[in-house]
Every structure is written in structure tokens, then in C-alpha cells.
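In mature numbering (1 follows the signal peptide of the UniProt record, and there is no 0), the protein residues as written are -25 to -1, 1 to 228.
These notes are about the structure you will find just below.
Structure, rendered in C-alpha cells:
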């Protein structure tokens, strides 16, 4: 009975050893098995992720990155300053150009005003010349209707005296005349208005009153007889004389 128990225990121990030896041999043989294509394809992809997660930055790298960032900020600031300076210069150039345009415009306007003034002056001169020409033409168109005799009358300044002035009609037409004086206080004229038959004459009395020494004149205007004799004063106001004016000098000595 004891022998059988010993034999059973020995058998059990041997069996256990054999089983344990087999298991260990199986575990050691497992690494020799070739990996499957699927596992081989997956393993490289997993390696970089692990590498990335395990990479750490050194202090020197961080310092260099900081310096690089500061350099970039400084460069950007300098670039902005240069752009601002360029914009300011461009603005100044535009302002100066505008000022130059304003000055040129002012000068041009002044020149235009001067030109306009000169043109107006020239136009006025031409107008005056034209008027003078018209006067000369009118004088040329007028004829000598009357001749005065004498052409100068002298009086003593301290006394009252009277002299006769004869007007001769040089045409074959009936004329009317008017005698005008530069002064009405010193000289009295009679008649002031009158008529002269063709190729005939009319006398006008000139009365001098006491006065200082002076020189005056009479102007005799004439025209062909128009209207009524009693309305000659009114007629002379309405018409233009057709005869040349006759001048008689008056001298008070």
C-alpha cells in the first residue's frame, strides 16, 4: 500500500515535470514565428507617433526661437516705420505739388486779369479813335455856311462898349444860326438866333460890360432853315447842325 502510494506520487511528479517542460519550450519557441504582413505594416506607423510624443525641445532651441521671433518683430516694426515715412513723404510731395498748382493758377489768373485790362484798354483806345474819326468825318462832311467878320473883337475892360459882328451866308440856301458865348455875364448878344437869306448877311451886336482883363470866344453854329422862325430855339435843340462852327475871339484889355 505504501509502495503504491510512492509509485503514484512519483508518477504524478514526473507527469508534472513533463508538462512544465513542454510549456516552457513552447514559450521559448514563440519568437521564431515570422510576423504577419499585417502586423509588419502596422509597426512602422506606430513608431513615428511614439517618436513624436517623446521628442522634447532643449532650452537652447527655445532661446533661439525667441530670438528669431524678436528679430521678426523688429524687422516688421522697421518695415512699418519705412512705410509710414514713405507715406509721409508722398503726402508732402502731393501737398507741395498742390501748392505749386495753386501758385501757378494764381499767376495765370493775374496774367489773365492783366490781359483783360490791356484788352479793355486797347478796346477803349480803339473806341476813342473811332469816335474821333467819326468827328473828323462829320467835320469833313460839314460845309462852311457862314463867314464871320471880323474874327476877333477887342474891348476895354473898364468901360461898356458895343461892336458889330457881320455874318455872311456863303450858300444859295436860306440859313439859320445861333450865337453861343463862353460867358453871359460880360457879353450880351443880340440876336442869339437869326436867319440869313441866300448870299446875304446878318448883323449881330455884341455889348461888353465892365470886367477884368480876360479872353473869351463866340461860337456860331448854323444849319439850313427848318421849321418856323419863331421856333428856331426849339429846332436847334432837336437837330444836328450841318455847317461848320465859326469861332470869334473876344478880348477884354
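C-beta atoms are modelled at their ideal positions from N, C-alpha and C, and glycine is treated no differently.
Which listed residue (the options) has its alpha carbon closest to that of residue i
| i | options | result |
| --- | --- | --- |
| residue 228 | 217, 186, 202, 215 | 186 |
| residue 170 | 89, 201, 137 | 201 |
| residue 217 | 181, 151, 51, 188 | 151 |
| residue 120 | 105, 145, 103 | 145 |
| residue 205 | 91, 219, 166 | 166 |
Buried or exposed (CB count within 10 angstroms, at least 16 for buried), residue i
| i | result |
| --- | --- |
| residue 153 | buried |
| residue 207 | buried |
| residue -7 | exposed |
| residue 161 | buried |
| residue 123 | buried |
Integer-rounded CB distance, given that residue j should sit under 8 angstroms from residue i
| i | j | result |
| --- | --- | --- |
| residue 163 | residue 192 | Actually they do not touch by this definition, with Cβ atoms about 15 angstroms apart. |
| residue 148 | residue 199 | 5 angstroms |
| residue 213 | residue 181 | The Cβ separation is near 27 angstroms, so there is no contact. |
CA-to-CA distance, residue j to residue i, given in whole angstroms
| i | j | result |
| --- | --- | --- |
| residue 132 | residue 159 | 15 angstroms |
| residue 155 | residue 97 | 36 angstroms |
| residue 73 | residue 94 | 31 angstroms |
| residue 211 | residue 196 | 9 angstroms |
| residue 48 | residue 71 | 34 angstroms |
| residue 194 | residue 222 | 5 angstroms |
| residue 215 | residue 135 | 35 angstroms |
| residue 183 | residue 129 | 9 angstroms |
| residue 88 | residue 81 | 10 angstroms |
| residue 55 | residue 77 | 33 angstroms |
| residue 236 | residue 109 | Beyond the ends of the chain as shown, which are -25 and 228, falls residue 236; an answer cannot be given. |
| residue 157 | residue 79 | 57 angstroms |
| residue 59 | residue 52 | 10 angstroms |
- Query: With a cut-off of 8 angstroms, do at least 3 Cβ pairs link the segment 164 to 183 to the segment 131 to 150?
  - Reply: Segments in contact, yes.
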